[in-house]
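K.L.:
Numbering (the working numbering), first residue to last: 2 to 478.
Below, the structure written as structure tokens:
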């Protein structure tokens, strides 16, 4: 027994792998127990650590600023989509008779630009500039304003002064080109009666001619061609003159005198019956007004200027506008005075260059776009500009357009209301087309080339007729 017991006790131990092989559940149990113990120990140490060590703050990074993004501008109202237009005038606008062409056309109701070819570039205007002068004069002088010619009593008895007020229409005959103009005979008769009442028995021995409303020597722009005077289109610009300086007071085109002030004095002396007197030029030395006559209202002068494209009215109205605005009436002052008046209509005059009042100078520079903007206001009569609209020539009916728009262009007669322009190097046309679909279009066309042919007029008529046909369906392509 002993041997058997001893044998049992001393028998070699069985290898663990053998036990686990025979008892796999034992291996699983031990593994789970070990895992439990380890987890428990970890928890104890974790508790000890938290109980004995102060918390350590995690390092804090510097905050990154959030970029500020400006909000995108959003219009209060979105522009209406422009409809597709299909009526093209490209072929007509390519007519070689138009030479170097620029143009601008807008719907006069909405202001939407429908057609444009170099239309934002300031260029010479020809007599289209008279529309600009008319607008400036109406602003500075008013539609009811008048130009006054006076006779003043001299500083001593026997002397009187004939003082010009810028009116070139003062007439030597009732049969004058300027219908309804004041008569120098009326002025002379009234002045003589007043003088004799003031100085009974004292004869008049001296007549002073005062044309100093602006510098009397500033009467011809260096950029004008002198042949315009001999050809009968332009007079020297003086504050005292009669009949617009014409040799023939009844005719629009007539040789213009080289001494407008002297001829006015001679006409007055003849009408007053003064002979053997001394006639001199200079500023007035007297005071009391013996007599005066006034021009027709500015609105009438504007109409006469635009219908016949009268250059001297354009020049004198521009000079008097300068004086009314506080300038000196000089030709140089027009560059400031005329834009100043136009700005009062809410127009952008930053690119407007004015050299004269008639458009005779090649140095005027106004864009077709500016002219169309002015024409829109003229059409609606804003600021009293309806005076100009009523005075513009009408195709086939009046003024410088009376004989135009013939042949195929006859369909636009009565529907094109516009100012014409002509220089040796330009033909221009600008105004309103009342199109066949009822849409009013404001437009300006310039054709420019040295020695340009008069055929450009017919080409411009054809283009205006094309606008009449297209109306609001006019395409820029």
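Glycine included, C-beta positions come from ideal geometry on N, C-alpha and C.
1) For the beta strand (DSSP E) containing residue 241, name the first residue and the last one.
2) Let's test the definition: count the other Cβ atoms within 10 Å of the Cβ of residue 159 and tell me whether it reaches 16, buried, or not, exposed.
3) Can you find the residues in the same chain that come closer than 6 Å, C-beta to C-beta, to residue 293, ignoring five residues on each side of it along the sequence?
4) My output table needs one value for residue 345: the three-state DSSP class, helix, strand or coil.
5) For residue 177 and residue 445, what's the separation of their Cα atoms in angstroms?
6) Just list the residues that DSSP pairs residue 422 with in beta bridges.
7) With burial defined as no fewer than 16 other Cβ atoms inside 10 Å of the residue's Cβ, what is the status of residue 261: buried or exposed?
8) Given that a residue counts as buried once 16 or more other Cβ atoms are within 10 Å of its Cβ, and exposed if not, what is residue 237?
9) Tell me the rounded alpha-carbon separation between residue 197 and residue 155.
10) Leaving out five residues on either side along the sequence, give the residues of the same chain with a beta carbon under 8 Å from the beta carbon of residue 337.
11) Taking a contact to mean a Cβ-Cβ separation below 7 Å, would you say residue 269 touches residue 163 in this structure?
12) In whole angstroms, what is the alpha-carbon distance linking residue 324 and residue 90?
13) Determine whether the beta carbon atoms of residue 304 and residue 443 lie at a separation below 7 Å.
14) With 16 other CB atoms within 10 Å as the buried threshold, where does residue 85 fall?
15) Alpha carbon to alpha carbon, what distance is there between residue 434 and residue 351?
16) Under DSSP, the beta strand (DSSP E) around residue 149 begins and ends at which residues?
17) Going by beta carbon distance, what residues of the same chain come within less than 7 Å of residue 234, once the five residues before and after it are set aside?
18) Out of 310, 477, 465, which one is the CA nearest neighbour of residue 424?
19) What is the DSSP secondary structure of residue 456, counted as helix, strand or coil?
20) Determine whether the beta carbon atoms of residue 99 and residue 448 lie at a separation below 7 Å.
21) Alpha carbon to alpha carbon, what distance is there between residue 383 and residue 418?
22) Between the region 358-368 and the region 244-254, can you find at least three pairs of beta-carbon atoms closer than 8 Å?
23) Have a look at residue 478 and residue 215 and give me their C-alpha separation to the nearest angstrom.
24) Can you check which of these residues, 103, 93, 300, is closest to residue 119 by C-alpha distance?
25) Using the C-alpha atoms, what's the distance from residue 87 back to residue 113?
26) For residue 439, which residues of its own chain have a beta-carbon under 8 Å away from its beta-carbon, when the five flanking residues on both sides are left out?
27) Taking the alpha-carbon of residue 240 as reference, which of 166, 454, 209, 203 has the nearest alpha-carbon?
28) When DSSP labels each residue in this structure, what does residue 159 get in the three-state scheme?
29) What's the call for residue 211, buried or exposed, on a 16-neighbour Cβ count within 10 Å?
30) Per DSSP, which residues does residue 257 bridge with? Please list them.
31) I believe residue 208 touches residue 142 by the beta-carbon criterion, under 8 Å. Please report the beta-carbon distance rounded to the nearest angstrom.
32) Among 101, 92, 96, 93, which one has its Cα closest to the Cα of residue 452?
33) May I ask which residues mark the beginning and end of the alpha helix (DSSP H) holding residue 373?
34) CB-CB under 7 Å to residue 415, same chain, minus the five flanking residues each way: which ones, in chain order?
35) Just to confirm my understanding: we take residue 105, look at its own chain, exclude 5 residues before and 5 after, and list those with CB closer than 6 Å. What are they?
36) Would you report the Cα separation of residue 122 and residue 221, rounded to the nearest angstrom?
P.N.:
The answer reads as follows:
1) Taken as a continuous stretch (DSSP letters only), residue 241 belongs to no beta strand (DSSP E), as it is neither H nor E.
2) Per the 10 Å Cβ criterion, exposed.
3) Counting only Cβ-Cβ distances below 6 Å, and skipping sequence neighbours, we find 149, 151.
4) If DSSP states are grouped into helix, strand and coil, residue 345 belongs with coil.
5) Rounded to the nearest angstrom, the two C-alpha atoms are 33 Å apart.
6) For residue 422, the beta-bridge partners assigned by DSSP are 429.
7) By the beta-carbon neighbour count (other beta carbons within 10 angstroms, threshold 16), residue 261 is buried.
8) Classification of residue 237: buried, given that the 10 Å Cβ count is 16 or more.
9) Between the alpha carbons of residue 197 and residue 155 lies a distance of about 13 Å.
10) For residue 337, where only same-chain residues beyond five positions count, the Cβ hits under 8 Å are 328.
11) Taking the C-beta atoms as reference points, residue 163 is found nearer than 7 Å to residue 269.
12) Cα-Cα distance, rounded: 44 Å.
13) Not closer than 7 Å, so no.
14) So residue 85 counts as exposed.
15) Using only the alpha carbons, I get a separation of about 27 Å.
16) Judged by DSSP secondary structure, residue 149 falls within the beta strand (DSSP E) whose first and last residues are 149-154.
17) Closer than 7 Å at Cβ, skipping near neighbours: 254, 312.
18) Checked all of 310, 477, 465; the closest Cα to residue 424 is 310.
19) Reduced to three states, the DSSP call for residue 456 is helix.
20) Yes. Within cutoff.
21) Rounded to whole angstroms, residue 418 and residue 383 show a C-alpha spacing of 17 Å.
22) With the cut-off at 8 Å, the region 244-254 and the region 358-368 do not touch.
23) Answer to the nearest angstrom: the Cα atoms are 50 Å apart.
24) Measuring C-alpha to C-alpha distances from residue 119 to each of 103, 93, 300 identifies 103 as the nearest.
25) Taken atom to atom, the span from the alpha-carbon of residue 113 to that of residue 87 is near 16 Å.
26) Within the same chain, 472 come within 8 Å of residue 439 by CB-CB distance, once the 5 residues on both sides are set aside.
27) Minimum Cα distance to residue 240 is reached at 166.
28) Collapsing the DSSP output to three states places residue 159 in coil.
29) By the neighbour-count rule (16 or more Cβ atoms within 10 Å), residue 211 is buried.
30) Residue pairing by DSSP places residue 257 opposite 247 in a beta bridge.
31) The pair is not a contact, with the Cβ atoms about 28 Å apart (cut-off 8 Å).
32) The shortest C-alpha separation from residue 452 is found at 101.
33) In the DSSP assignment, residue 373 falls within the unbroken alpha helix (DSSP H) covering 369-381.
34) So the qualifying residues of the chain are 395, 396, 397, 398.
35) Excluding sequence positions up to five before and after residue 105, its CB lies within less than 6 Å of the CB of 117, 120, 369, 370, 373, 445, all in the same chain and listed in chain order.
36) Whole-angstrom Cα-Cα distance: 27 Å.
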